[in-house]
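Structure record follows, encoded as structure tokens.
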């Protein structure tokens, strides 16, 4: 009887850990990133197929050359073609824009309550004479 209870406890523990792991997922928005040069604009995109309690979008910019500057705006879309700034339809716990500065690597995390959009995009517009690589990651919680 003790062995049966012990086996049931182990099975319950394994099922609980599997369930916890399935509740959170991290996706890479653009696997190789994209290079922003001077005053150009590049985007990193992802599709979120389900409803989630929260969506965290992480921005990472790495300096290649010049004086890194510019602005990154978090955008959302329902159809994947027409994007709006996320603050126009969501509760976001930080500013919907991030100002890039001249450092080697910088990051910012945008946290959105609920998941009001199916598609997310970070749009980075450079400034001045520069080259930087932009990456995006998304973490969703059921």
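In this note's numbering, the protein residues as written are 31 to 172.
Idealized CB from N, CA, C, for every residue including glycine.
Here the structure is a predicted model, which means the values were calculated and not measured.
Contact belief for residue i with residue j at Cβ below 8 Å, rounded distance in angstroms
{"i": "residue 105", "j": "residue 116", "result": "6 Å"}
{"i": "residue 165", "j": "residue 102", "result": "11 Å between Cβ atoms; not a contact."}
{"i": "residue 159", "j": "residue 132", "result": "Contact flag wrong, Cβ pair sits at about 11 Å."}
Spatially closest choice to residue i from the options, by CA coordinates
{"i": "residue 112", "options": "150, 102, 84 and 66", "result": "150"}
{"i": "residue 65", "options": "163, 168, 169 and 167", "result": "163"}
{"i": "residue 99", "options": "146, 148, 135 and 142", "result": "135"}
{"i": "residue 91", "options": "155, 145 and 171", "result": "155"}
{"i": "residue 93", "options": "137, 82 and 83", "result": "137"}
{"i": "residue 67", "options": "95, 172, 85 and 80", "result": "95"}
{"i": "residue 146", "options": "172, 89, 62 and 108", "result": "108"}
{"i": "residue 69", "options": "142, 130, 168 and 148", "result": "130"}
{"i": "residue 79", "options": "153, 148 and 152", "result": "148"}
{"i": "residue 172", "options": "152, 153 and 142", "result": "142"}
Helix, strand or coil at residue i according to DSSP, with G and I counted as helix
{"i": "residue 108", "result": "coil"}
{"i": "residue 170", "result": "strand"}
{"i": "residue 7", "result": "This structure gives no information on residue 7, because the portion of the chain shown stretches from 31 to 172."}
{"i": "residue 133", "result": "coil"}
{"i": "residue 81", "result": "coil"}
{"i": "residue 143", "result": "strand"}
For residue i, the first and last residue of its enclosing beta strand (DSSP E)
{"i": "residue 93", "result": "84 to 96"}
{"i": "residue 157", "result": "Segment: none, residue 157 is in no beta strand (DSSP E) and carries neither H nor E."}
{"i": "residue 77", "result": "71 to 77"}
{"i": "residue 130", "result": "127 to 130"}
Alpha-carbon spacing of residue i relative to residue j, whole angstroms
{"i": "residue 126", "j": "residue 140", "result": "7 Å"}
{"i": "residue 71", "j": "residue 157", "result": "10 Å"}
{"i": "residue 110", "j": "residue 76", "result": "9 Å"}
{"i": "residue 52", "j": "residue 144", "result": "Low confidence applies to residue 52: its pLDDT is 41, below 50, so where it sits in the model is not reliable, and the reading given next is rough at best. Straight-line Cα distance between these residues: approximately 18 Å."}
{"i": "residue 114", "j": "residue 161", "result": "26 Å"}
{"i": "residue 83", "j": "residue 170", "result": "8 Å"}
{"i": "residue 167", "j": "residue 81", "result": "17 Å"}
{"i": "residue 85", "j": "residue 62", "result": "21 Å"}
Contact with chain C by residue i, beta-carbon distance below 9 Å
{"i": "residue 94", "result": "The displayed structure is made up of one protein chain only, and chain C is not part of it."}
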